[in-house]
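Numbered per this note's numbering, the sequence shown finishes at 698, counting up by one with no gaps.
We put the beta carbon where it would ideally sit given N, CA and C, even for glycine.
Okay, structure first, notes after.
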Amino acid sequence: MATPAGAPRTVVGLEIHVQLLTASKMFCGCAVSFGAPPNTLVCPVCLGLPGALPVLNRRAVDLGLRTALALGCRIHPRSQFHRKNYFYPDLPKNYQISQYEYAGHPPLATGGALEIVTEGARRLVRIRRVHLEEDTGRLVHAEGASGSLVDFNRSGVPLMEIVTEPDLRSPAEAREFLTALRRLLQFAEVSSGRMEEGTLRCDANVSLVGDDGVPGIRTEVKNMNSIRAVERALAYEVARQAEARRRGEAVVQETRHWDERRGVTFGSRSKEEAQDYRYFPEPDLVPLEVDEAWLERVRASLPELPAARRDRLMAAFGLGGADADRLTASPAMARFFEETVAAFPDARVVANWLVGEVAAYLNEHGTEIDAITLTPRRLADLLRLIEDGTLSGRLAKEILVAMIKDDLDAVAVVEARGLRQISDEAALGRIVEEVLAAHPGPVADVRAGKDRALGFLVGQVMKATGGRANPEAVNRLLRERVGS
Ligand SMILES: [Zn+2]
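Written out as structure tokens, the structure reads:
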């Protein structure tokens with residue numbers, strides 16, 4: 215997007231916390247699971263009891279390495295865990311084990327980039343670093359209770375932090391970046407990437423640079439629980455800073471929280487500086503050493519990534535770029551497409567239905583392909599009923615919705631609703647005769663060459679049959695009998 219002359223330029227960097235898909239925690243054997251009763255997935259290590267020693271989860275490192283490879287980062291053969299010291303009731307050790315970056319102590323990986331597309335333009339957003347750390351516990355504010363409760367089930371859950379360079383130039387670019395990153399993490403099978411469930415969390419640093427090139431004060435925006443919330447919060451914050459600049463007021467360096475309901479950000483405690491955390495190397499963990507053999511094993515295990523999947527779908531099934539993009543929006547959608555094609559080999563028809571009717575249903579209901587009752591086999595069965603003339607396309611659309619809502623096969627919906635298409639010429643012929651007799655005006659119009667009147671007559675036959683008439687047969691019978 216071009217910045218109008220004289221308008222300040224938006225500068226956004228993101229810090230993304232990704233919950234890794236591991237079975238156990240970062241430094242102990244406790245299970246990672248949600249919905250368990252509070253404080254049942256804990257042990258002396260993740261409760262920070264004196265004398266308990268952490269042991270690094272190798273699987274978490276694998277997933278961090280996968281991400282670093284997928285983003286084209288430089289992976290450091292030796293990195294170090296640090297203690298980030300601060301007090302908060304959800305942090306039983308009074309420090310978080312994380313990877314801090316300073317001389318001689320790189321994090322797991324640095325550099326790399328991710329491509330985004332906004333308004334048709336492709337651009338690389340640079341990655342500053344990828345590092346591993348552990349999650350904290352969770353404060354629970356129970357209704358009517360006088361204080362807060364703490365649940366330590368989440369304490370020590372493996373997290374990966376991905377930090378971008380301040381390369382994003384608008385709220386829309388931040389949205390595109392998060393969408394692309396989530397897709398990459400899901401295809402790489404690193405994280406479920408669900409912001410609504412907290413397995414992907416994003417904080418944003420926002421500032422404006424004046425046309426004199428002088429950077430403005432930066433604020434950090436938190437508490438955004440969806441990609442759409444990030445875009446809205448950034449739009450609000452950019453407008454707020456621009457207004458302050460216009461009035462000649464100072465922007466304060468602070469953390470601001472997004473209020474989803476009111477649609478505003480509001481300031482809270484001022485941001486701690488790095489030195490306040492008193493980082494120092496974690497004495498209970500040896501440095502993390504990743505040799506070439508380990509890296510090679512991770513490289514060999516890396517699943518097909520979105521760009522490769524998209525290219526393969528285009529080459530193997532003759533799809534256009536736009537369809538291939540939409541079919542690789544998530545691994546679940548890509549898998550659904552390929553499994554449906556295995557059962558119904560007309561890939562273009564399958565693609566049309568998935569990016570058309572099925573996507574419309576998912577959008578309308580705010581859901582995902584793997585969260586509804588439709589299966590590839592059920593969709594293939596429905597498409598076969600259109601192909602063999604049992605159903606018109608229009609009826610099939612209705613049936614699709616009923617299949618999803620009622621958890622049924624296509625044939626079951628057709629039978630239950632008596633929706634089998636009428637292709638029997640004798641039966642259709644009688645209805646056509648009735649329609650012609652009832653509408654002499656349009657019949658005369660068709661004979662005078664007005665094709666729109668024919669459409670009206672087709673519509674009347676469809677209406678009389680509750681949409682079940684075979685449209686091709688109706689067209690042909692009408693033309694024969696009107697003699698146009
Ligand atoms: Zn534990």
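Boundaries (first-last residue) of the beta strand (DSSP E) holding residue i
i	result
Met-617	No beta strand (DSSP E) contains Met-617, which is instead part of the alpha helix (DSSP H) from 607-620.
Phe-480	478-481
Asn-437	433-438
Asp-365	363-365
Lys-701	Only positions 215 to 698 of the chain appear in the structure, and residue 701 is not among them; the question remains open.
Ser-369	It is not in any beta strand (DSSP E) - Ser-369 carries neither H nor E in the DSSP assignment.
Glu-686	From DSSP, Glu-686 is part of no beta strand (DSSP E) but of the alpha helix (DSSP H) over 685-696.
Tyr-309	309-312
Cβ neighbour criterion (16 or more within 10 Å) applied to residue i
i	result
Val-269	exposed
Ser-421	buried
Gly-607	exposed
Ala-216	Note that Ala-216 scores a pLDDT of 47, beneath 50, so its modelled location is shaky and nothing firm can be said.
Glu-629	exposed
Gln-310	buried
Phe-494	exposed
Tyr-314	buried
Thr-587	exposed
Phe-248	exposed
Arg-343	buried
Ala-507	exposed
Arg-754	Residue 754 lies beyond the residue range present for the chain, which begins at 215 and ends at 698; the question has no answer from this structure.
Limits of the alpha helix (DSSP H) - the one that residue i falls within
i	result
Phe-551	545-557
Asn-253	Counting along the chain, Asn-253 falls outside any alpha helix (DSSP H), and DSSP gives it neither H nor E.
Asn-566	561-567
Ser-515	506-515
Val-625	624-631
His-579	573-579
Gln-674	665-678
Nearest candidate by alpha-carbon position, reference residue i, set the options
i	options	result
Gly-673	Arg-661, Ala-658 and Val-646	Val-646
Leu-642	Val-377, Val-572 and Ala-683	Ala-683
Val-696	His-653, Met-676 and Lys-677	His-653
Arg-571	Arg-459, Lys-611 and Leu-597	Checking the sequence shown, residue 571 turns out to be Glu, not Arg. Nearest C-alpha to Glu-571: Lys-611.
Pro-303	Val-354, Ala-687 and Arg-591	Val-354
Ile-441	Ala-388, Thr-433, Glu-434 and Arg-454	Ala-388
Ile-240	Ile-230, Gly-265, Asn-253 and Gly-278	According to the sequence as given, residue 240 is Met; it is not Ile. Taking only the C-alpha atoms, the option nearest Met-240 is Gly-278.
Pro-429	Ala-561, Thr-413 and Arg-459	Arg-459
Lys-307	Ala-402, Ala-245, His-345 and Gly-265	Gly-265
Gln-635	Thr-589, Arg-666, Pro-685 and Leu-614	Pro-685
Ala-402	Ile-230, Val-232, Leu-516 and Cys-287	Leu-516
Gln-400	Ser-544, Arg-562 and Ser-312	Ser-544
Val-205	Ser-369, Gly-358 and Glu-639	Residue 205 lies beyond the residue range present for the chain, which begins at 215 and ends at 698; the question has no answer from this structure.
Leu-301	Asp-665, Gly-286 and Gly-262	In the sequence on display, residue 301 carries Phe and not Leu. Per the Cα distances, Gly-262.
Val-504	Thr-236, Arg-273 and Gly-227	Arg-273
Val-675	Ala-662, Lys-664, Leu-692 and Arg-661	Leu-692
Ala-323	Leu-285, Glu-333 and Pro-258	Leu-285
Gly-681	Leu-609, Arg-666, Leu-650 and Val-649	Leu-609
Ala-594	Phe-558, Val-625 and Ala-585	Phe-558
Arg-592	Val-627, Glu-357, Tyr-575 and Val-569	Val-627
Val-226	Arg-343, Gly-351 and Thr-433	Thr-433
Gly-325	Gly-361, Arg-666 and Thr-378	Thr-378
Val-500	His-319, Leu-283, Cys-257 and Ile-289	His-319
Phe-540	Arg-598, Trp-567, Leu-597 and Ala-556	Note that residue 540 corresponds to Arg in the displayed sequence, not to Phe. Nearest of Arg-598, Trp-567, Leu-597 and Ala-556 to Arg-540, Cα basis: Trp-567.
Leu-599	Val-569, Ile-583 and Val-563	Val-563
Residue i vs residue j beta-carbon contact at 8 Å
i	j	result
Pro-222	Gly-424	yes
Val-444	Glu-390	no
Asn-271	Ser-238	yes
Thr-542	Arg-513	no
Leu-502	Val-275	yes
Ile-431	Ile-376	no
Arg-280	Val-465	no
Leu-328	Leu-234	no
Asn-367	Glu-410	no
Leu-414	Val-246	no
Val-452	Thr-224	yes
Asp-417	Glu-229	yes
Gly-532	Ala-561	yes
Arg-337	Glu-496	no
Arg-492	Gly-481	no
Leu-671	Pro-656	yes
Cys-287	Cys-260	no
Val-339	Asp-381	yes
Gly-358	Ser-369	no
Closer than 7 Å: residue i CB and nearest ligand 2 heavy atom
i	result
Lys-307	Judged by which ligands are present, ligand 2 is missing from the structure shown, whose ligands are ligand 1.
Any chain D beta carbon closer than 8 Å to residue i
i	result
Glu-612	Absent from the structure is chain D; it holds one protein chain and no more.
Spell out a yes or no on whether the segment 606-622 and the segment 569-579 are touching, meaning 3 or more CB-CB pairs, one atom from each, closer than 8 Å. yes
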